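Student: Residue numbers (the UniProt record's numbering): 1 to 437.
Just passing along the structure, written as structure tokens.
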Amino acid sequence: MSHIDHDNPSTPGKFKMEKSSYMNRIRWHYSSLAKLTFWSFVLFLGLILVFFFKSPTSTSSPLPSDLYRRSLRTYSWGGPAWEKRVRASSRTRSRNGLSVLVTGAAGFVGTHVSAALKRRGDGVLGLDNFNDYYDPSLKRARQALLERSGVFIVEGDINDIALLKKLFEVVAFTHVMHLAAQAGVRYAMENPSSYVHSNIAGLVSILEVCKSANPQPAIVWASSSSVYGLNTKVPFSEKDRTDQPASLYAATKKAGEEIAHTYNHIYGLSLTGLRFFTVYGPWGRPDMAYFFFTKDILKGKSIPIFEAANHGTVARDFTYVDDIVKGCLAALDTAEKSTGSGGKKKGPAQLRVFNLGNTSPVPVSDLVSILERLLKVKAKRSVTKLPRNGDVQFTHANISSAQMELGYKPTTDLQTGLKKFVRWYLSYYDSGKKSAQ
Ligand SMILES: NC(=O)c1ccc[n+]([C@@H]2O[C@H](COP(=O)([O-])OP(=O)(O)OC[C@H]3O[C@@H](n4cnc5c(N)ncnc54)[C@H](O)[C@@H]3O)[C@@H](O)[C@H]2O)c1
């Protein structure tokens, strides 16, 4: 019995099929046709599904976050006028000047670093996706500030490889100051994929393009003091353990340090990671305590003062932004050249990591007292238990390594730095045009 017959068993009492060869051929023909139609349909369905899930504009793709889709879809770049602006912004004023691509240039630290580089004659091109993690109008105001000093910020995402390649085609950047990231420890519980998108995938995109660039640039990038996580040995030194992150943000920064090692090892990229400790100052970030405390104190709203177990003090090594900028510039100036070319390593390259802190942790309640004096308003304090959602009890930097190799020496104490912040805050928000969100 052929397998065709086997598939059509005879039923007693019913019409029994003639097993003539002609009939067999006809049945074989119809059965094959049915199978062919069935498999064509399956293939067609498969193709539709593949197209549906791979499409960047698909709304049901489970992987990229909203941020990812938004950031890669809405920006337009290119064209002769755009290239002209890119070139002009990146041009150095002196022969030995650096030509730096600053990612996250519309951000708090990025704006200060870009302005400082431009002031001393370096070529600076910014890149930022202006996402709405916090009030984008503040990013636009920083952009306007930089524009006045001749810095153009390209609007785009660090995951846009085509854009990055184009930028390196137009300008032979000597350095990349990579500051773009999803910052903040608490937001990671709300939107974890934005951290993976910017801090891991975005870092890899940057390094991929840098490794293939000719010449390869040297890269300085922002890690974070949060990599020390639950480490209890103080002050935190670069040699201390960093394998106990307390937040997804910290974990992505730690991953970044390992990724940096890989690209240094395989491709000869010169890489310097800077572990910033709670940076504050004018044009700061509205999601940070010193910023929203100021806003809430002025509004008469109560502010949460966190307390660790057994009434333990929560303290931070607050570092003024101008000190951080000096550390960033020193890291760029002392960065050795990358050693690879054409995507291949030619010899060992520099790999560094430095703490950039202030070396004097201040209890958060003291920060509030300083703000009260500067704002001349009594704060409504509400002492609350430190939640376990990413914040650590204290941070304290050992900066001897940065001191020795970068000549880094912070000079601004919290009182002086906050005075400058409050002066900026009042003039920025009290001008009547804007209100802190
Ligand atoms: N401010 C601090 O206290 C502190 C402390 C430790 C580490 N850091 C790190 O320093 C860097 C700068 O921090 P900041 O305080 O200026 O933060 P910020 O949020 O003000 O600046 C980051 C900028 O990057 C941009 N950005 C984010 N994802 C992007 C993407 N995928 N593509 C393009 N642009 C993108 C944002 O729009 C923003 O303007 C970050 O890497 C941050 O993690 C900051």
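Ideal placement from N, C-alpha and C gives every residue a C-beta, glycine not left out.
Please read these numbers as outputs of a predicted model, since none were measured by experiment.
1. If we define contact as Cβ-Cβ less than 8 Å, is asparagine 96 a contact residue for chain D?
2. The beta strand (DSSP E) that contains phenylalanine 318, what's its start and end?
3. Determine the direct distance from the alpha carbon of lysine 337 to that of threonine 416, and round the result to whole angstroms.
4. Compare the C-alpha of valine 100 against each of Met177, Phe421 and Ala116 and name the closest.
5. In three-state DSSP terms, what is valine 196?
6. Return the Cβ separation of alanine 397 and serine 225 in integer angstroms, given the expectation that the two are a contact with Cβ distance under 8 Å.
7. Would you mind stating whether alanine 315 and phenylalanine 421 have Cβ atoms separated by less than 8 Å?
8. Using the C-alpha atoms, what's the distance from leucine 248 back to proline 192?
9. In the DSSP assignment, the beta strand (DSSP E) including arginine 381 goes from what residue to what residue?
10. Out of curiosity, what's the CA-to-CA distance linking arginine 423 and tyrosine 280?
11. Quick check: histidine 112 and leucine 332, are their CB atoms within less than 8 Å of each other?
12. What I want to know is whether the C-beta of asparagine 231 ends up closer than 7 Å to one or more non-hydrogen atoms of ligand 1.
13. Count Cβ pairs between the region 233–243 and the region 187–201 that sit closer than 8 Å; are there 3 or more?
14. DSSP three-state call for residue 448: helix, strand or coil?
15. What would DSSP say about glycine 284, mapped onto helix, strand or coil?
16. Looking at glycine 110 and ligand 1, is the gap between the Cβ and the nearest heavy atom below 7 Å?
17. With a floor of 3 residues, list each beta strand (DSSP E) that falls wholly inside the region 207–251, ordered by position along the chain.
18. Exposed or buried, residue 450, counting other C-beta atoms within 10 Å across all chains shown (16 or more means buried)?
19. In chain order, which continuous runs of the beta strand (DSSP E) of length 3 or greater are located wholly inside the region 84–119?
20. Kindly indicate the opening and closing residues of the beta strand (DSSP E) around leucine 145.
21. In whole angstroms, what is the alpha-carbon distance linking valine 368 and tryptophan 221?
22. Could you give the distance in angstroms between the alpha-carbon of asparagine 231 and the alpha-carbon of threonine 412?
23. Does glycine 300 come out as helix, strand or coil in the three-state DSSP assignment?
Tutor: The relevant details are as follows:
1. The chain labelled as chain D is not found in the depicted structure, where only one protein chain is given.
2. Per DSSP, phenylalanine 318 belongs to no beta strand (DSSP E) and is neither H nor E.
3. Those two C-alpha atoms are separated by around 37 Å.
4. Met177
5. It is helical.
6. 7 Å
7. no
8. 7 Å
9. 380–385 is the extent of the beta strand (DSSP E) around arginine 381.
10. 13 Å
11. Cβ atoms of histidine 112 and leucine 332: not closer than 8 Å.
12. no
13. At 8 Å Cβ cutoff, the stretches do not touch.
14. Residue 448 is absent from the structure shown; the chain starts at 1 and stops at 437.
15. coil
16. yes
17. 218–224
18. Not covered by the structure: residue 450. The range shown for the chain is 1 to 437.
19. 99–103
20. First-last for leucine 145: 136–148, but that is the alpha helix (DSSP H), not the beta strand (DSSP E).
21. 31 Å
22. 26 Å
23. coil
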